[in-house]
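Residues 1238 to 1382 (this note's numbering) make up the sequence shown, in order.
Yeah, the Cβ is synthetic: ideal placement off N, Cα and C, and Gly gets one too.
None of these values were measured; they are calculated from a predicted model.
Structure, as structure tokens:
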Amino acid sequence: GELTEMMGDLFIGHDMPEPPKESFFKGLFGGGSRSLDREDRVLTIQRLNSTLLMLLFSVGESSGRASRTVAKHIPGPNAGAEGLRERVTTATGEVNMAHQMVLERGEKLSQLEERTARMMSEAEGFSQSAHGLMLKYKDKKWYQL
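Structure follows, in structure tokens:
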């Protein structure tokens, strides 16, 4: 007997707690199929009515005061036109900027084309002068220079 008393338990035994009560909304909306007798249905309807009344009239510390979320700003008939006007102005500005950038790019490309043509003509001149010098000194020996 002493050996079993010296050995510990893997767990401590406790009484099982009561199962939690089914919530009102779970029972109302997703409680599955359970049969309600007349008394339960009357109680459910009474609870539902009292809950709805509390929600509608918000009984409590906020009663008597106006709710902050009641008043909303309703824009006039020109509010949509004003937003549209802003978007059109923004789009027009962006199109003008893109047009200006295209013009600047065109100018830079023409300048580049002119510089390239000038470099080609200078290279051709250099090639001709180098060829002329080569022909002039082609038949001469190093000691004749």
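DSSP-derived helix/strand/coil call for residue i
i	result
Asp1376	coil
Met1253	coil
Lys1258	coil
Asn1315	coil
Asp1274	coil
Same chain only: Cβ atoms within 8 Å of residue i, ignoring 5 sequence neighbours per side
i	result
Arg1322	none
Chain-order list of residues whose beta-carbon lies under 7 Å from that of residue i (same chain, five-residue window excluded)
i	result
Ser1364	none
Glu1359	none
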